[in-house]
Amino acid sequence: MGTLDDYLQLLGNEQRRQLLQALLGSEGPVTVDPGDPAAHARLYHIHLPKLESAGLVDWNRRGGTVVRGPAFDDIVPLLEAIEGMTEGSESGTTGGGGESEAANGEDGQAAADKEDETDDA
């Protein structure tokens with residue numbers, strides 16, 4: 020079981036958050052294929068290993084699928100809270116202090132990935 024700070028750090032990345040939210044809405048495996056080669060590399064080399072290490076996902080590398088890990092239930096309340104906060108942002112509002120889509124652009128993602136890489140050092 021991770022700490023609240025551990026989970027918040029993991030949920031601070033949009034790509035990880037989207038994957039975990041997809042698992043929240045699914046009872047079975049989720050296929051992992053971001054399409055974009057750069058996003059694919061980040062997912063396979065940074066994000067999935069971190070989520071798997073935290074016990075949040077079980078990752079079938081060969082099949083390219085992810086299922087809920089043994090610690091997934093620990094973050095369900097956080098995922099539900101985030102989902103509630105971001106529902107308004109889908110219609111163009113930020114609602115509840117959420118970030119706008121512009122704030123999550125490629126430059127923001129690159130900065131988040133760089134931060135993740137320094138966390139591992």
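Residues 20 to 140 (this note's numbering) make up the sequence shown, in order.
Each residue gets a CB set at the ideal place from its N, CA and C atoms; glycine is no exception.
How do the segment 46-63 and the segment 75-91 stand: do at least 3 beta-carbon pairs fall below 8 Å, yes or no? yes
Would you grab the beta carbon distance between L39 and I94 for me? Rounded to a whole angstrom, and I think it's under 8 Å. 7 Å
By Cβ distance, which residues of its chain are closer than 6 Å to G74, with the 5 residues on each side in sequence left out? G88, P89, A90
Please report the residue range of the beta strand (DSSP E) in which R87 lies. 84-87
Could you check the C-alpha separation between W78 and E71 for me, to the nearest Å? 7 Å
Label R36 either buried or exposed according to how many other C-beta atoms from any shown protein chain fall within 10 Å of its C-beta, with 16 as the threshold for buried. buried
Cα-Cα separation, A21 to I65: Residue identity differs from the one stated: residue 21 is Gly in this sequence, not Ala. About 18 Å.
Less than 8 Å separating the beta-carbons of L42 and V76? yes
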